[in-house]
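Since the structure comes first, as structure tokens, the remarks are kept for the end.
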Amino acid sequence: MSSEEKVKGPASYFPSIEKKYSQPISHWMEVLKKAEPMKHMELVNQLKANHEIGHGHANALVAWFLAKK
Numbered sequence: 228m229s230s231e232e233k234v235k236g237p238a239s240y241f242p243s244i245e246k247k248y249s250q251p252i253s254h255w256m257e258v259l260k261k262a263e264p265m266k267h268m269e270l271v272n273q274l275k276a277n278h279e280i281g282h283g284h285a286n287a288l289v290a291w292f293l294a295k296k
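Numbering (our numbering), first residue to last: 228 to 296.
Structure representation (structure tokens):
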């Protein structure tokens with residue numbers, strides 16, 4: 228067994244989000260911070276509409292963002 232724990236939850240999407248959209252996660256957290264106050268699905272829909280992020284990736288970013296508040 229590996230001594231490293233596997234990343235779970237929304238953070239497990241972060242490497243693919245950074246690769247696909249060419250921005251660090253900190254960038255997306257700032258985008259979401261500027262969009263406040265919105266509800267979860269409003270934030271997801273904003274990322275999808277304004278940044279062409281897929282639903283799963285947008286949902287993971289918003290879930291992480293809201294959990295860290």
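Glycine residues also receive a C-beta, built at the ideal position from the N, C-alpha and C atoms.
Exercise for the section: Classify Glu263 as helix, strand or coil using the three-state DSSP reduction. Expected result: Judged by DSSP in its simplified three-state form, Glu263 adopts coil rather than helix or strand.
Exercise for the section: Look up Gly283 in the DSSP assignment and say whether it is helix, strand or coil. Expected result: In the structure shown, the three-state DSSP call for Gly283 is helix.
Exercise for the section: Return helix, strand or coil for Pro242, following the three-state DSSP convention. Expected result: Secondary structure at Pro242: helix, using DSSP grouped into helix, strand and coil.
Handout entry: Three or more C-beta pairs below 8 Å linking the region 260-279 and the region 230-246
Key = Result no; under three Cβ-Cβ pairs closer than 8 Å.
Problem - Residue from Lys246, Asn286, Ile244, Ser239 whose Cα sits closest to the Cα of Asn272 - result: For Asn272, the nearest C-alpha among the options comes from Asn286.
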